[in-house]
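What follows is a short report on a single structure.
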Amino acid sequence: MYREAWQRIEASSRIVLISHINPDGDALGSQLALYPILKSMGKKVTAVNRTTPLPIRYDFLPNYEKIRPALPEHIDLIISFDCGSFDRLGIEKQDIPLINIDHHITNTRYGDINLIDETMPSASSVVLKLLEENGISLRRDVATCIYTALAEDTGFFSYDNTNIVAFETASKLIAAKADPAFIARQLKERNSLAKLRLEALTVQKLELINHAMVGYAVLNLDDFKKTGALRSDSDACVNLIRSLATVELAILLIEEQEGFKVSLRSKTRIDVSRIAVSMGGGGHKRAAGFTVRHKNTEKIIAEILEKAELS
Ligand code: 5GP
Ligand code: MN
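Quick note: the sequence shown, position 119, residue 118 per numbering that gives the first Met the number 0, numbers continuous.
This is the structure we're talking about:
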């Protein structure tokens, strides 16, 4: 499969690299890892993400500024990254071959070629395997992107997807001159005050139920206005809820124009990917999400508890 995917890339000349809407470090890092490599192969490459503005915290990734919000006119291959279902790309169905590079257990295999390995700690680890299997050597800019993606998806090597591959991958990337301390500083020590205020608000609004085993908070549109925080500033809020000693299941509801984006996290027992899939979303065992198109928050929480068999 890895060979076949590379042959497809070699045979194409106008290639789009696209990651999921509301991108995280794995989405952008995986996508940008391939950008300079394909460029150096003489391809016309466009990096696309439909979200604007993009989260600024990833602006240190090489070629971050090249990411565009729209597809170009002429495309002969699309490669998607870290995206479990086609709808999360935010584009219309195209009659163009698609390579789907991902590590979500819930991936719907919407590509013509699906490079999906759910044992991988990040989509970027799948990208690294693609490069290795095809004899492409690592460069520093590429290693920085792959490492950033890996560090973010493993919670800096702390979540339970932190397996041996994560450390083997990290050591290869450091050998290729990725700088772990630099990357950690970029991601962890450049918070805006608005982001910290949104996190403080999350703690203030936190509700604990089921003997404090479940923690949830609802962030309304007004909370973002009040704090000046951006949507992407809420990424850490759900982990903050999970960090409480008693919490096994953390739920964060983020209000959108027509409903809520729901983030789920668990510690060791509950498979939140299963809950998310049954609500029309997806993700991993310990981190998953979905979107609902109504604003009845009590109903959303009740449904989650029922599916988690906690009600
Ligand atoms: P987050 O809660 O940070 O948005 O997402 C956690 C995990 O679940 C990520 O791996 C993300 O890609 C996945 N995820 C979140 N929302 C959705 C969704 O609506 N559909 C699918 N397929 N995956 C989602
Ligand atoms: Mn990922």
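C-beta atoms are modelled at their ideal positions from N, C-alpha and C, and glycine is treated no differently. Note that the structure is predicted; figures quoted are calculated from it, not measured.
May I have the straight-line CA-CA distance separating residue i from residue j, to the nearest angstrom?
i    : j    : result
L127 : Y34  : 13 Å
L16  : H210 : 45 Å
I100 : D116 : 9 Å
L137 : L172 : 8 Å
F59  : L186 : 9 Å
I299 : G41  : 49 Å
H283 : L243 : 21 Å
A32  : S39  : 12 Å
G280 : V261 : 9 Å
R230 : E254 : 10 Å
I66  : V47  : 5 Å
I74  : S18  : 16 Å
A148 : E297 : 34 Å
Y63  : S124 : 19 Å
L205 : L53  : 27 Å
L27  : I55  : 11 Å
A177 : N295 : 45 Å
T226 : Q203 : 13 Å
E167 : H102 : 17 Å
E188 : V291 : 33 Å
Give the C-beta separation of residue i and residue j to the nearest angstrom, bearing in mind that I take them to be a contact with Cβ-Cβ under 8 Å.
i    : j    : result
D361 : L248 : For the chain, the structure presents residues 0 to 310; residue 361 sits outside this window and is missing.
R7   : P96  : 7 Å
A175 : A150 : At roughly 15 Å, the Cβ-Cβ gap does not stay under 8 Å, so A175 and A150 are not in contact.
A275 : F289 : 5 Å
A122 : D234 : That belief does not hold up - the Cβ atoms of A122 and D234 are roughly 16 Å apart, past 8 Å.
I107 : G83  : In the sequence as presented, Ile is not what sits at residue 107; that position holds Thr. Confirmed, Cβ separation roughly 7 Å.
I98  : L114 : 7 Å
Just to confirm, are residue i and residue j a CB contact at a threshold of 8 Å?
i    : j    : result
V213 : L304 : yes
F85  : S29  : no
T51  : P68  : yes
Y146 : P179 : yes
R49  : I20  : yes
N160 : D152 : yes
T201 : L239 : yes
R268 : A286 : no
A193 : D232 : yes
C236 : L207 : no
Comparing the C-beta of residue i with each C-beta of chain C, is any distance below 8 Å?
i    : result
L229 : Checking the listed chains, one finds no chain C in this structure; it contains a single protein chain.
Nearest CA to the CA of residue i: which residue from the options?
i    : options                : result
R273 : H293, E302, G134, A4   : E302
P22  : Y57, R2, I8, E3        : Y57
Y158 : K266, G41, D270        : K266
L309 : D270, G281, H283, A244 : D270
L130 : L37, L88, N295, A177   : L37
H293 : K43, S18, F259         : F259
I135 : E9, N295, L263, E297   : E9
K43  : S12, L200, M0, P54     : S12
L76  : Q203, F166, A4, I182   : A4
D111 : T118, L263, D94        : D94
F155 : I78, I182, N133        : I182
T105 : V246, R184, S277       : S277
L220 : E257, C144, S191, T107 : E257
C144 : A228, P61, V246        : P61
A199 : A228, E188, E72        : A228
K92  : H103, H102, L70        : L70
A216 : T245, I250, R241       : I250
M0   : N133, L88, R87         : N133
Sorry if obvious, but does the Cβ on residue i come closer than 7 Å to a heavy atom of ligand 4?
i   : result
R87 : Looking for ligand 4 in the displayed structure turns up nothing; the ligands present are ligand 1 and ligand 2.
Any alpha helix (DSSP H) of 4 or more consecutive residues that is wholly inside the segment 3 to 75 = As far as the segment 3 to 75 is concerned, its whole alpha helix (DSSP H) runs of at least 4 residues are 24 to 39.
Jot down the residue ranges of each uninterrupted alpha helix (DSSP H) in the segment 176 to 244, minimum 4 residues, whole runs only, in chain order.
-> Segments of the alpha helix (DSSP H) lying fully in the segment 176 to 244: 179 to 187, 192 to 204, 220 to 226, 236 to 241.
Contiguous beta strand (DSSP E) assignments of at least 3 residues, all confined to the segment 122 to 152 | For the segment 122 to 152, not a single whole beta strand (DSSP E) run of length 3 or above is found.
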